[in-house]
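*Asks:*
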Amino acid sequence: EPEVTQTPSHQVTQMGQEVILRCVPISNHLYFYWYRQILGQKVEFLVSFYNNEISEKSEIFDDQFSVERPDGSNFTLKIRSTKLEDSAMYFCASSLDRVNQPQHFGDGTRLSIL
Amino acid sequence: AQSVSQHNHHVILSEAASLELGCNYSYGGTVNLFWYVQYPGQHLQLLLKYFSGDPLVKGIKGFEAEFIKSKFSFNLRKPSVQWSDTAEYFCAVNAPRETSYDKVIFGPGTSLSVIP
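Line by line, the protein sequences are chains R and X. Mapping of the first sequence onto the numbering used here: position 78 corresponds to residue 93, and the numbering continues sequentially without gaps. Mapping of the second sequence onto the numbering used here: position 13 corresponds to residue 115, and the numbering continues sequentially without gaps.
#1: Under 8 Å: do the stretch 45-61 of chain R and the stretch 99-114 of chain R share three or more Cβ pairs, one atom per stretch?
#2: In whole angstroms, what separates the C-alpha of K107/X from that of V34/R?
#3: If the cut is a Cβ gap below 9 Å, which residues of chain X does D122/R touch?
#4: Check distances from the C-beta atoms of the stretch 70-84 of chain R to those of chain X and list, in chain order, the residues that come in under 9 Å.
#5: Roughly how far, in whole angstroms, is the beta-carbon of V206/X from the beta-carbon of Q118/R, given that I think they are within contact range, below 8 Å?
#6: Throw me the rounded Cβ distance for the Q184/X and E122/X pair, which I believe falls under 8 Å.
#7: If you run the structure through DSSP and keep just helix, strand and coil, what is L99/R?
#8: In the DSSP assignment, find the beta strand (DSSP E) that holds P194/X and state where it starts and stops.
#9: Just list the beta strand (DSSP E) runs in the stretch 156-188 of chain X, keeping only unbroken ones of 3 residues or longer that don't cross its boundaries, in chain order.
#10: For a test of the three-state rule: what should DSSP assign to T91/R, helix, strand or coil?
#11: Excluding the five sequence neighbours on either side, which residues of its own chain have a C-beta within less than 7 Å of the C-beta of Y191/X, listed in chain order?
#12: For the ligand GDP, is there any heavy atom lying closer than 8 Å to the beta carbon of Y203/X?
#13: Going by DSSP, what residue range makes up the beta strand (DSSP E) through N126/X?
#14: Given a cut-off of 9 Å, decide if L111/R and L45/R are closer than it, judged by their beta-carbon atoms.
#15: Count the other C-beta atoms from every protein chain shown that fall within 10 angstroms of the C-beta of N134/X, then say buried if there are 16 or more, exposed otherwise.
#16: Would you identify the three-state DSSP class for R199/X, choosing helix, strand or coil?
#17: Run through DSSP, which three-state label would H44/R get?
#18: For T201/X, which of Q147/X, F165/X, G130/X has the nearest alpha-carbon?
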């Protein structure tokens, strides 16, 4: 069964540094998402992406965050200047359709900010 | 506040016991409902989903869930659990009219430990 894959599995970064989290969605999926889960808290929606543009973003997704699909297969989340509170598990998801199809999630990338 | 709640933070069962994990949501209107499972060290996997039709939904690995609209509930059940069911279980809701088509709102999760 096709899967969403994320790299790296664990990223350790100094505060203030830029970090890029990578995702390869399921190949025929058209909608892409990022979620995060701070330790001990709920999984939270960050952003959705369709047709090469952001479809929706949450209040968490401020100017420090950006997403892009640089080459038609990868889907990346960039955090420009990381803060301690960005430490979390980041999940990528993709779906074939936004209305009647579920989102399929990757393994997640654990981001640790020092 | 609009939310998804799960009744138990941690459930411990012996093998062969029956399981019911409670989930309630506070969104009105049309909702799409999901249960995801996260086995230790693995990604979130879809157990089952409800979009419309029969409110009793069967999923993978012997799980089922019942959508009761009047109670805003979507409880997960399994008649007989196995040790391999040890995992974190997340109820999730998509409420297109109240939030968006894109956003899936997750409950806090229930950790299930099955003792052999």
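No residue lacks a Cβ here, since even glycine has one placed at the ideal position from N, Cα and C.
*Replies:* Quick look at the numbers:
#1: Touching, per the Cβ criterion.
#2: Here residue 107/X is Ser; the residue named in the question, Lys, does not match the sequence. Those two C-alpha atoms are separated by around 33 Å.
#3: Against D122/R, the close residues of chain X are G143, Q144, H145, L146, in the order they occur along the chain (beta-carbon pairs closer than 9 Å).
#4: Cβ contacts with chain X come from S70, E71, S73.
#5: Between Q118/R and V206/X the Cβ distance is about 6 Å, and since that is below 8 Å, they are a contact.
#6: Contact check for Q184/X and E122/X: beta-carbon distance about 16 Å, past the 8 Å limit, so the pair fails to qualify.
#7: Three-state result, L99/R: helix.
#8: At residue 194/X the sequence reads Ala, which differs from the Pro that was named. Counting along the chain, A194/X sits inside the beta strand (DSSP E) bounded by residues 189-196.
#9: You should have 158-160, 166-170, 175-180.
#10: Here T91/R sits in strand by DSSP.
#11: Closer than 7 Å at Cβ, skipping near neighbours: L123, W137, V139, L178, G211, T212, L214.
#12: Because no ligand of any kind appears in the structure shown, any question about the ligand GDP cannot be addressed here.
#13: Looking at the DSSP string, the run of the beta strand (DSSP E) that includes N126/X is 125-127.
#14: For L45/R and L111/R, yes; Cβs fall inside 9 Å.
#15: N134/X should be labelled buried.
#16: Looking at R199/X - three-state DSSP - the assignment turns out to be coil, as it is neither helix nor strand.
#17: Of the three classes helix, strand and coil, the one that applies to H44/R here is coil, per DSSP.
#18: Relative to the Cα of T201/X, the nearest Cα in the group Q147/X, F165/X, G130/X belongs to G130/X.
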